[in-house]
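*Asks:* Handing you a structure now.
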Amino acid sequence: MYNFQYNNKPNIIFLMGPTAVGKTDLALYLCKNFPIDLISVDSGLIYKYMNIGTGKLNSLKLLKYPHRLVNILDPLEKYSALQFKDDALLEIDKILKLGRIPLLVGGTMLYYKVLLQGLSNLPPSNLKVQKKILYDIQKEINLTLHLKLQQVDPISAKMIHPNDHKRLLRALEVFFISGKRFSDISYFIKKDFPFSVIQFALRPKNKKWLYNRIVKRFKNMLDLGFQREMEYLFYRGDLNENLPSMNCIGYKQMWDFFSAKINFIDMCKHTIIATMQLAKKQMTWLHNWQGIHWLSGCEIKRSIEKIFKLRACD
RNA sequence: GCCCGAAUAGCUCAGUUGGUAGAGCAGUGGACUGAAAAUCCCCGUGUCGGCGGUUCAAUUCCGCCUUCGGGCA
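Numbered per this note's numbering, the first sequence spans residues 17 to 330.
Have a look at this one:
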């Protein structure tokens, strides 16, 4: 019925925006009213057993219209931008084959970027190599990650701040695994993206408005039993505070609370602050993003309605 | 009532052997290639509690007052 072709490329829709702006509610509305399937673009929602703190269970409606790429990993496991790209492309393909339109919704901006621009042919990260690099550097006095990178890849060393250990380590890792310099092979492969993308960003009214929503949402998480959820994760025994899953906002602060590092009030305060900081970082990404439509929820609804009507007439 | 201690950035506190001060957190802006809800960078004038005294110079030393701790009655 709906012919959603454009430039011979199938259409997909992005729904971006800062955390707590109301992306999920809007996505669920769209899913209900249009032939749309949802793909989550969220590094927190991939984890099983993390339902309340990630906002997965904020509305039970989410169970009725499930997102794809939700609950695919145990909190013990690690995910990556590359895995997301591969998984998302697979899911997009499946949805298109069903004759429906994929709508990617979430706030993990790197995932959108990697999906659109691709990744250079860099070796995947390897914990053993990282450990070896750190060990070798510790052995020598006065040798730092930054100095080491200067020796093997001066261009990258210039571009990465000396304090940014993660990126320095990554660049060194790339060199020691592939023998090639990060600076030589780390350009985005801007190959033809096989889809025609309509990018919406849900605009927050203002900062105060977003803050109030964040506070309200966190209170709601506590009412839904976030503490009990964390109790299970904390006492499982095999998880630890360094895992990416346990560094998710809310879970990190809850972990500190369960370890008696902070009290309950501080845990709440820290979580709300961290959420505001996340929203700010997401806004920074979005301000520099190309081809985005900054709209209110109503405007996005109307735009999508219009698109579907047009396509139906074709 | 008496004794002791504290009072410095929005918060927690350093510090100045007397020359008007700086960290962490918060806040602001930014970066971002396989951990991204991660990681990292930039941005610091504040009656140094109030009023006096000593001094060329007091946030610093002295006195009084105010507030908050703690102790003794």
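We treat Cβ as the ideally placed atom computed from N, Cα and C, and that holds for glycine. None of these values were measured; they are calculated from a predicted model.
Short of 7 Å in beta carbon distance, which residues of its chain neighbour Lys94, apart from the five on each side in sequence? Order them along the chain.
*Replies:* On the first sequence, position 78 is the one that residue 94 refers to. Counting only Cβ-Cβ distances below 7 Å, and skipping sequence neighbours, we find Pro260.
*Asks:* To the nearest angstrom, how far is it from the Cα of Lys325 to the Cα of Lys296?
*Replies:* By one-based count along the first sequence, residue 325 stands at place 309. By one-based count along the first sequence, residue 296 stands at place 280. Computed Cα separation, rounded: 35 Å.
*Asks:* Along the chain, where does the alpha helix (DSSP H) that runs through Ile288 open and close?
*Replies:* Translated into positions along the first sequence, residue 288 becomes position 272. Ile288 -> alpha helix (DSSP H) spans Phe280 to His303.
*Asks:* Once you ignore the five residues that flank Leu106 on each side, which residues in its own chain have a CB closer than 7 Å to its CB?
*Replies:* Within the first sequence, the letter at position 90 stands for residue 106. Excluding the 5 residues flanking it on each side, Leu106 has no same chain C-beta neighbour closer than 7 Å.
*Asks:* How about Ile265 and Ala290: are their beta carbons less than 8 Å apart?
*Replies:* On the first sequence, residue 265 is found 249 positions in, with the first residue counted as 1. On the first sequence, residue 290 is found 274 positions in, with the first residue counted as 1. It is a contact, given that the beta carbons lie within the stated cut-off.
*Asks:* Over the uninterrupted alpha helix (DSSP H) stretch that includes Ala97, give me the two end residues.
*Replies:* Here residue 97 corresponds to residue number 81 of the first sequence, with the count starting at 1. First-last of the alpha helix (DSSP H) with Ala97: Ala97 to Lys113.
*Asks:* Determine the direct distance from the alpha carbon of Met246 to that of Asn279, and round the result to whole angstroms.
*Replies:* By one-based count along the first sequence, residue 279 stands at place 263. By one-based count along the first sequence, residue 246 stands at place 230. Computed Cα separation, rounded: 15 Å.
*Asks:* Going straight from the alpha carbon of Thr160 to that of Lys144, what length do you get?
*Replies:* Counting from 1 along the first sequence, the entry for residue 160 is found at position 144. Counting from 1 along the first sequence, the entry for residue 144 is found at position 128. Here the alpha carbons of Lys144 and Thr160 stand approximately 19 Å from one another.
*Asks:* So is Arg244 buried or exposed if we call it buried at 16+ other beta carbons inside 10 Å?
*Replies:* As a first step, residue 244 is located in the first sequence; it is residue number 228 there, counting from the start. That one is exposed.
*Asks:* Which word fits Gln215, buried or exposed, when buried means at least 16 other C-beta atoms lie within 10 angstroms of its C-beta?
*Replies:* Looking up residue 215 in the first sequence gives position 199. Flag for Gln215 reads buried.
*Asks:* What residue does the beta strand (DSSP E) around Asp53 start on, and which one ends it?
*Replies:* Translated into positions along the first sequence, residue 53 becomes position 37. Residues Ile52 to Ser56.
*Asks:* Taking C-alpha atoms, which residue in Glu189, Leu138 and Leu132 lies nearest to Tyr151?
*Replies:* Against the first sequence, residue 151 aligns to sequence position 135. Restricting attention to Glu189, Leu138 and Leu132, the CA atom closest to the CA of Tyr151 is found in Glu189.
*Asks:* What does a CB cutoff of less than 7 Å around Asp169 pick up in its chain, not counting 5 residues either side in sequence?
*Replies:* Start at 1 with the first residue of the first sequence, and residue 169 comes out as number 153. Once the five neighbours on either side are set aside, the close Cβ partners of Asp169 are Ala187, Phe191, Arg197, Phe198 and Ser199.
*Asks:* Just reading off the alpha helix (DSSP H) that Phe216 is part of, what are its end residues?
*Replies:* Counting from one through the first sequence, the residue named residue 216 turns up at place 200. Segment Ser212 to Leu218 is the beta strand (DSSP E) holding Phe216; no alpha helix (DSSP H) there.
*Asks:* Below 8 Å between beta carbons: does that hold for Phe211 and Asn27?
*Replies:* Indexing the first sequence from 1 puts residue 211 at position 195. Indexing the first sequence from 1 puts residue 27 at position 11. Contact: yes.
*Asks:* Which same chain residues, not among the five before or five after Asp103, have their C-beta less than 8 Å away from its C-beta?
*Replies:* For the purposes of this step, residue 103 is taken as residue 87 along the first sequence, with counting starting at 1. Correct list, in chain order: Leu85 and Ile88.
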